[in-house]
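*Asks:*
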Amino acid sequence: MVGSKFYKLIILLFLSINIKANAHSLEEALNYAIHNNASIKLEKSRLQQVRSTRGDAIAEFLPDIYATYQLGRQKNDAVGVDRGELDRANDQDFKQLNITQPIFRGFSSYNNSKEISYYIKAAEAYYKFKKYEILLSAIEAYLELFKQQKLLSFKEEDIATAEKLLVLIKGRNDSGEVDGSEVIKYQTQLTRAIADKLAAQRDLFKAQAEYTKITGVAAEELSLPIIERASLIYDEQQLIKFAIDHNPNLQSFLFKISAAKASFNKAKGQFAPEIEMTASISEQQNVTYLENRDLKSEAVYLNVKVPLLQKGAEYVGINKARTNLDFARKEYNIFKENIVKDVKQAYQEFLFFDDLLAGHRELIKLAND
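Counted from 1, the sequence shown has number 232 at position 144 by the working numbering; the numbering is strictly sequential.
(1) Under the DSSP definition of a beta bridge, which residues are partnered with Gly-160?
(2) Just to confirm my understanding: we take Ser-225, look at its own chain, exclude 5 residues before and 5 after, and list those with CB closer than 6 Å. What are they?
(3) Between Ala-307, Leu-240, Thr-141, which has its C-alpha nearest Tyr-206's C-alpha?
(4) Roughly how many angstroms separate the alpha carbons of Phe-440 and Leu-312, rounded to a whole number?
(5) Tell me, which residues are paired with Asp-152 by DSSP?
(6) Since Val-388 is in the beta strand (DSSP E), which residue starts that stretch and which ends it?
(7) Between the Cα of Ser-340 and the Cα atoms of Lys-209, Ser-368, Gln-289, Tyr-299, which residue gives the shortest distance?
(8) Ordered along the chain, which non-local residues of its own chain (more than five positions away) have a Cβ less than 8 Å from that of Gln-275?
(9) Alpha carbons only, please: which of Leu-327, Ala-446, Ala-145 is nearest the one belonging to Ala-350?
(10) When the distance is taken between beta carbons, is Glu-148 closer than 8 Å to Glu-200?
(11) If you reduce the DSSP assignment to three classes, tell me which class Asn-412 lands in.
(12) So what does Thr-366 bridge to, in DSSP terms?
(13) Going by C-alpha distance, which of Ser-385, Val-394, Asn-353, Gln-325 is nearest Lys-408?
(14) Which word fits Asp-430, buried or exposed, when buried means at least 16 other C-beta atoms lie within 10 angstroms of its C-beta?
(15) Suppose the cutoff is 8 Å on Cβ atoms and the five residues either side in sequence are ignored; what does the same chain contact list for Ile-128 look like?
(16) Quick one: Cα of Lys-399 to Cα of Thr-366, how far?
(17) State yes or no: is the C-beta of Leu-278 within less than 8 Å of the C-beta of Ile-247?
(18) By DSSP, does Gln-296 sit in helix, in strand, or in coil?
(19) Take the Cβ of Leu-444 as the centre, count every other Cβ of all protein chains shown within 10 Å, and call the residue buried at 16 or more, exposed below.
(20) DSSP on Gln-398, reduced to helix/strand/coil?
(21) Let me confirm a value: Leu-390 is counted as buried when at least 16 other C-beta atoms fall within 10 Å, else exposed. Which label applies?
Here is the structure:
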């Protein structure tokens, strides 16, 4: 489960604050994954795609400016009236510059800017989550490869030990101390050790391929990071609070709620009046009704538009925005509940394996004694 993996990563990252110097190769593996992993590159491109919408937020506040130019001929003929030269075709040269500056649109521009900003923050938090998820996969691949490397070396030692024992038992058989069944037993042990080595090599090849796929580099001899036990946290509630406060995917859902609120406020703005300032300047040459003289015009207007009914689209829009806001809140609450469940499960697994390792250390001590 993706969520469970992430919380295990949170614990790993939190516990690895005081990693010893020999964990440098693990740090290298994580750096390789960050720079080489194709999934991280894809998520980064997706983030850049969302960031590119930032300009849409600014555009809402800028004026519309456009120029018009007309060049041609015009003829006005008053039917039944002889106006002489006024009825002749004249060259027309018309130039106009218009500027429209929005002043108030029910705060829709402001809320649109907030909506885009929050969606960008949500995308940034989601990118961080995906990066952590891939880093967890890199840690798992690193530890699996380390385990398989050690297992293979143990299997090779088992073969060497089985060969030595077989030589010794053959010597005892030659001297008559043991019968041939003992030789067969140790030959079987040697055969089993060789088969175990082949199985370990197969598992090592799989671990190497997974490690290379995630990090983009060939597998090498690895070293196991040593974690100081003083850095471990044995408090479930503290880990739950840490996960809720630092989980980037949960933060992404929070930003989506803020974006949905801004979208809802933007939808309410459709019921508010719109105010804008319009200015224009124009020049028209060879105006017929002015005896072919030029005409220059300048105008400034304050436009106020009060919406009464917009085909009902404003009501549909606000209902849709309210539904999206409710969904964003439910999505956040459900994911938060899953965080608590996954952290509790991961914490119980951590305690179990910690006790298991303590028992194994005691067994090793007894075996050495």
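Heads up, the beta-carbon is just placed ideally off N, CA and C, and yes, glycines get one too.
*Replies:* The relevant details are as follows:
(1) Residue numbering aside, residue 160 sits at position 72 when the sequence shown is read from its first letter. Looking at the DSSP assignment, Gly-160 forms a beta bridge with Gln-180.
(2) Here the question's residue 225 lines up with position 137 in the sequence shown. Within the same chain, Ser-225 has close Cβ partners Ile-302.
(3) Along the sequence shown, one-based indexing puts residue 206 at 118. With distances taken between Cα atoms, Tyr-206 lies closest to Thr-141.
(4) Taking the first residue of the sequence shown as position 1, residue 440 is located at position 352. Taking the first residue of the sequence shown as position 1, residue 312 is located at position 224. Whole-angstrom Cα-Cα distance: 20 Å.
(5) Counted from its first residue, the sequence shown places residue 152 at position 64. Bridge partners of Asp-152: Thr-188.
(6) As a position in the sequence shown, residue 388 is number 300, starting the count at 1. Here the beta strand (DSSP E) through Val-388 covers 381-393.
(7) Your numbering for residue 340 matches position 252 in the sequence shown. When each option's Cα is compared against that of Ser-340, the closest is Lys-209.
(8) Within the sequence shown, residue 275 is the residue found at index 187, counting from 1. Within its own chain, the residues whose Cβ lies closer than 8 Å to the Cβ of Gln-275, once the five positions on either side in sequence are excluded, are Leu-254, listed in chain order.
(9) Here residue 350 refers to the residue found at position 262 of the sequence shown. Residue Ala-145 is the option with its Cα nearest to Ala-350.
(10) To locate residue 200, count along the sequence shown from 1; it is residue 112. To locate residue 148, count along the sequence shown from 1; it is residue 60. The displayed chain sequence assigns Asn, not Glu, to residue 200. Yes, Cβ-Cβ distance for Asn-200 and Glu-148 is below 8 Å.
(11) Against the sequence shown, residue 412 aligns to sequence position 324. DSSP places Asn-412 in helix when its eight states are reduced to three.
(12) Position 278 of the sequence shown, counting from 1, holds the residue named residue 366. Thr-188, Tyr-389.
(13) Counting from one through the sequence shown, the residue named residue 408 turns up at place 320. Nearest Cα to Lys-408 within the set Ser-385, Val-394, Asn-353, Gln-325: Asn-353.
(14) Position 342 of the sequence shown, counting from 1, holds the residue named residue 430. Buried, by the Cβ-count rule.
(15) For this step, residue 128 is matched to residue 40 along the sequence shown. Ala-121, Ile-122, Lys-218, Lys-219, Ile-222.
(16) Translated into the one-based positions of the sequence shown, residue 399 becomes position 311. Translated into the one-based positions of the sequence shown, residue 366 becomes position 278. Roughly 26 Å between the two C-alpha positions.
(17) For the purposes of this step, residue 278 is taken as residue 190 along the sequence shown, with counting starting at 1. For the purposes of this step, residue 247 is taken as residue 159 along the sequence shown, with counting starting at 1. Going by C-beta atoms, Leu-278 is nearer than 8 Å to Ile-247.
(18) Position 208 of the sequence shown, counted from the start, is the residue given in the question as residue 296. Helix.
(19) Here residue 444 corresponds to residue number 356 of the sequence shown, with the count starting at 1. So Leu-444 ends up on the exposed side.
(20) Residue 398 sits at position 310 when you count from the first residue of the sequence shown. In this structure, Gln-398 counts as coil in the three-state DSSP scheme.
(21) Here the question's residue 390 lines up with position 302 in the sequence shown. Exposed.
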